[in-house]
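Asks: One structure, as structure tokens, below. Some questions next.
There are 2 protein chains.
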Amino acid sequence: MEPFSTPFFEENFRQYIHKNRDVFTKLEAMNSYYRSVVSSMIYDNLNKNSEIVRRIRNLDGAYKTVKEEKSKI
Amino acid sequence: MEPFSTPFFEENFRQYIHKNRDVFTKLEAMNSYYRSVVSSMIYDNLNKNSEIVRRIRNLDGAYKTVKEEKSKI
Numbered sequence: 001m002e003p004f005s006t007p008f009f010e011e012n013f014r015q016y017i018h019k020n021r022d023v024f025t026k027l028e029a030m031n032s033y034y035r036s037v038v039s040s041m042i043y044d045n046l047n048k049n050s051e052i053v054r055r056i057r058n059l060d061g062a063y064k065t066v067k068e069e070k071s072k073i
Numbered sequence: 074m075e076p077f078s079t080p081f082f083e084e085n086f087r088q089y090i091h092k093n094r095d096v097f098t099k100l101e102a103m104n105s106y107y108r109s110v111v112s113s114m115i116y117d118n119l120n121k122n123s124e125i126v127r128r129i130r131n132l133d134g135a136y137k138t139v140k141e142e143k144s145k146i
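Residue numbers (our numbering), protein chains in the order written: chain B, 1 to 73; chain H, 74 to 146.
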């Protein structure tokens with residue numbers, strides 16, 4: 001799976017939700033994961049701003065998809 | 074206060090936490106606000122990618138400051 005692609009982030013969201021299911025609700029886990037990923041991406045000076053924004057858009061698309069899922073986790 | 078500056082986001086974080094204090098813990102409110110602001114900024118085609126990344130960095134700086142605050146809310 002291509003790193004930083006939408007399916008990549010979807011999978012990571014699901015894993016993070018699952019791993020933290022005893023401590024966080026699904027939405028709490030998702031918002032926490034989202035914040036930590038964005039925070040690390042924006043200080044990555046190896047990447048162009050256009051690439052950073054592209055990755056965050058992929059993350060955000062994955063967020064919307066996984067948020068709507070009822071049964072996969 | 075300059076829009077999208079770090080102090081601007083600090084103030085907005087505090088207001089959002091306060092407004093939602095009956096429903097969200099501080100950290101839940103912060104992560105929720107962070108996600109919604111990032112999500113709206115990345116689809117704003119009026120702004121250059123460099124400006125989008127600059128604003129998200131300001132947001133992230135404000136997040137770190139407000140997260141550490143003990144008593145202001």
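The beta carbon of each residue, even a glycine, is placed where N, CA and C say it ideally should be. If you're wondering where the values come from, they're calculated on a predicted model, not measured in any experiment.
Taking 8 Å as the CB-CB limit, is S5 (chain B) close to chain H?
Replies: The residue given as residue 5 (chain B) occupies position 5 in the first sequence. Answer no: the Cβ-Cβ gap between S5 (chain B) and chain H never drops below 8 Å.
Asks: Would DSSP call S39 (chain B) helix, strand or coil?
Replies: For the purposes of this step, residue 39 (chain B) is taken as the residue at position 39 of the first sequence. Reduced to three states, the DSSP call for S39 (chain B) is helix.
Asks: Report yes or no: is there a C-beta of chain B within less than 8 Å of the C-beta of I125 (chain H)?
Replies: Counted from its first residue, the second sequence places residue 125 (chain H) at position 52. Answer yes: the Cβ-Cβ gap between I125 (chain H) and chain B drops below 8 Å somewhere.
Asks: Compare the C-beta of E101 (chain H) with all C-beta atoms of chain B and state if any pair is closer than 8 Å.
Replies: The residue you call residue 101 (chain H) lines up with position 28 of the second sequence. So yes, E101 (chain H) belongs to the interface.
Asks: If the cut-off is 7 Å on Cβ atoms, which residues from the region 109 to 121 of chain H count as contacting chain B, listed in chain order?
Replies: Residues passing the 7 Å Cβ filter: V111, S112, I115.
Asks: In terms of alpha-carbon separation, which member of H:D95, H:L100, H:E75, H:V96 lies closest to E142 (chain H)?
Replies: One-based indexing of the second sequence puts residue 142 (chain H) at position 69. Taking only the C-alpha atoms, the option nearest E142 (chain H) is H:L100.
Asks: Please list the partners that R94 (chain H) has in chain B, where partner means a Cβ-to-Cβ separation under 7 Å.
Replies: Your numbering for residue 94 (chain H) matches position 21 in the second sequence. The contacting residues do not exist; R94 (chain H) stays about 16 Å from chain B at best.
Asks: Are the Cβ atoms of V126 (chain H) and F86 (chain H) separated by less than 8 Å?
Replies: To locate residue 126 (chain H), count along the second sequence from 1; it is residue 53. To locate residue 86 (chain H), count along the second sequence from 1; it is residue 13. Cβ atoms of V126 (chain H) and F86 (chain H): not closer than 8 Å.
Asks: Would a C-beta distance cut-off of 8 Å place F25 (chain H) and S109 (chain H) closer than the cut-off?
Replies: Outside the shown range of chain H, which is 74 to 146, sits residue 25 (chain H), and nothing can be said about it.
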